[in-house]
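Residue numbers (the working numbering): -8 to 78.
To keep things clear, I will list the structure first and then write my remarks on it.
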């Protein structure tokens, strides 16, 4: 069930960087965090790791880079729109 939510989140947002804080579905956020923790401890079953790898799951997060990358695409799109407006 949570994997399906993650897959849907990835389709809607273009990434698997589910926020842990201030997110409307805390059980889902905790599940995502648990997958990272289990992977780090080498306790995540191989078949689960492979499924998560297939959708581009990010295993290690640098919180600064994660928040920057989440907004970078939107910033670039807005910048292109601004440039087109002034042409």
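Cβ atoms here follow ideal geometry from the backbone N, Cα and C, with glycine treated the same way.
Being a predicted model, the structure only gives us computed values, none of them experimental.
Inter-residue Cα distance where the pair is residue 1 and residue 31: Distance between residue 1 and residue 31, taken at the CA atoms: about 22 angstroms.
Nearest neighbour of residue 47, chosen from 6, 38 and -4 [CA to CA]: Cα-wise, what sits closest to residue 47 is 6.
C-beta atoms of residue 52 and residue 8 nearer than 8 angstroms: Residue 52 is a Cβ neighbour of residue 8, given a cutoff of 8 angstroms.
Cutoff 6 angstroms; reference residue 35; Cβ partners in own chain excluding five residues on either side: Only residues of its own chain outside the window of five on either side were considered, and among them 29 have a CB closer than 6 angstroms to the CB of residue 35, listed in chain order.
Extent of the continuous alpha helix (DSSP H) to which residue 22 belongs: Going by DSSP, residue 22 is part of the alpha helix (DSSP H) stretching over 17 to 31.
Residue environment, residue 17, which counts as buried when at least 16 other CB atoms sit within 10 Å: Under this definition residue 17 is an exposed residue.
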